[in-house]
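In our numbering, the protein residues as written are 182 to 477.
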Amino acid sequence: MKKLKTMNIPVVGITGSYGKTSTKNIINDILSVKFNSFPTPKNFNTPYGLIRSINNYLDKFNDIFLAEMGAFKVGEIKTTCKLMKPKHGVLTTIGEALLESFGSRENIQRGKFELIESLSEGGYAILNSDDEWQVKYEIKNKKCNVRWIGINNQDADCVALNIELSGTGTDFDVKFKGDDTLYHFQTRLLGKHNVYNILAGILLGKELGMSIPELQRGVNQVKVIEHRLELKKSGRINIIDDAYNSNPVGSKMAVDVLGMMDGKKIIVTPGMIELGSEQYDLNYKFGQYISEVCDY
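Structure, rendered in structure tokens:
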């Protein structure tokens, strides 16, 4: 931690029930147009993993550190923040992932917001206005600047409009609060949930001084993330590889993407785990949704 303190670079904490690694990589691709940002490798999101990332990989040329923060129970992110001292924070979603270890959705909410409550003065908290568990949380940290992204909530600071999803990527427009201009963005990423992840990167980048052309270039160069809605081809067969992990939100969105494809639709899945007492019901609902979209 002495190394991080000596370097004196801003730390961006990224947490949430789902999408932490994807959001971290997306934000890094966007910010790298202007900054020499450094994301924690793979899913190094424990205090040990973060310390290892700093000691082994962070160097004097980096000017922003993107720190993915995971947790299995209340208090763990707070402990991580005491080590990392994040200036900015991004909260992806608050869902049922790790419900078994957290004990309740309220505990998950409290645990994830430990990041936002730990942000230093003048930092930016990027939150999702379409997530009711984020909207209804009362933030006690008055030192940070709270900013909201959204798709359904048109009153957010950064809103995605005219979203066109296809099997090859996504097109959408972005409107910022106080600016009536619509700015067009294109990405190779699949799925509506990735629009939220990209919006977080756009809004953070804008607050950090990036221009619209820089942000558009950054979004256009965002790389497809391995095993996360990764489109592969095998002869005439299209394979959507979403094998990294699964949760109630991500699994439904993966099926949404499959539903946009032409031809016969086949899904292979072991279902979802680590959902505590809700595991059976959530998997049953997942199965119902599969039956509406898939042939096999």
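Just so you know, even glycine gets a beta-carbon here, dropped at the ideal spot from N, CA and C.
Integer Cβ distance of residue i from residue j, believed to fall under 8 angstroms
i, j, result
"residue 213", "residue 428", "At roughly 28 angstroms, the Cβ-Cβ gap does not stay under 8 angstroms, so residue 213 and residue 428 are not in contact."
"residue 370", "residue 350", "7 angstroms"
"residue 217", "residue 244", "5 angstroms"
C-alpha gap between residue i and residue j, whole angstroms
i, j, result
"residue 359", "residue 336", "10 angstroms"
"residue 258", "residue 450", "31 angstroms"
"residue 413", "residue 302", "44 angstroms"
"residue 419", "residue 444", "10 angstroms"
"residue 415", "residue 408", "16 angstroms"
"residue 220", "residue 205", "7 angstroms"
"residue 387", "residue 461", "42 angstroms"
"residue 378", "residue 200", "8 angstroms"
"residue 396", "residue 235", "27 angstroms"
"residue 275", "residue 366", "26 angstroms"
"residue 390", "residue 225", "28 angstroms"
"residue 277", "residue 286", "7 angstroms"
"residue 362", "residue 342", "12 angstroms"
"residue 376", "residue 344", "9 angstroms"
"residue 320", "residue 298", "7 angstroms"
"residue 452", "residue 222", "27 angstroms"
"residue 433", "residue 467", "7 angstroms"
"residue 417", "residue 425", "24 angstroms"
"residue 394", "residue 441", "30 angstroms"
"residue 250", "residue 469", "33 angstroms"
"residue 471", "residue 431", "13 angstroms"
"residue 284", "residue 338", "33 angstroms"
"residue 455", "residue 465", "15 angstroms"
"residue 202", "residue 448", "24 angstroms"
"residue 334", "residue 392", "24 angstroms"
"residue 242", "residue 227", "24 angstroms"
"residue 476", "residue 459", "27 angstroms"
Unbroken alpha helix (DSSP H) run spanning residue i, endpoints
i, result
"residue 381", "373-388"
"residue 462", "460-474"
"residue 432", "429-440"
"residue 312", "Segment: none, residue 312 is in no alpha helix (DSSP H) and carries neither H nor E."
Which listed residue (the options) has its alpha carbon closest to that of residue i
i, options, result
"residue 294", "391, 384, 361, 255", "255"
"residue 184", "193, 201, 237", "237"
"residue 347", "439, 192, 208, 448", "439"
"residue 446", "473, 463, 460, 208", "473"
"residue 486", "370, 260, 325", "Residue 486 cannot be examined here, being either before or after the span of the chain that is shown, 182 to 477."
"residue 246", "188, 402, 399, 410", "188"
"residue 248", "194, 299, 392, 215", "194"
"residue 315", "269, 216, 292", "292"
"residue 364", "338, 370, 355", "355"
"residue 328", "342, 313, 357, 343", "357"
"residue 209", "284, 290, 282, 405", "405"
"residue 240", "280, 186, 464", "186"
"residue 318", "465, 334, 448, 290", "290"
"residue 230", "313, 401, 252", "252"
"residue 207", "463, 401, 476", "401"
Within-8 angstroms CB hit, residue i to chain C
i, result
"residue 311", "You won't find chain C in this structure, because it holds only one protein chain."
Check whether residue i and residue j have beta carbons under 8 angstroms apart
i, j, result
"residue 190", "residue 383", "no"
"residue 308", "residue 262", "no"
"residue 403", "residue 368", "yes"
"residue 331", "residue 311", "yes"
"residue 410", "residue 435", "yes"
"residue 305", "residue 326", "yes"
"residue 272", "residue 196", "yes"
"residue 264", "residue 457", "no"
"residue 422", "residue 373", "no"
First and last residue of the uninterrupted beta strand (DSSP E) at residue i
i, result
"residue 271", "269-272"
"residue 220", "218-220"
"residue 328", "326-331"
"residue 224", "Careful: residue 224 lies outside any beta strand (DSSP E) and carries neither H nor E."
"residue 193", "192-196"
"residue 455", "First-last for residue 455: undefined, no H or E at that position."
"residue 343", "339-346"
"residue 415", "411-415"
"residue 421", "418-422"
"residue 355", "351-357"
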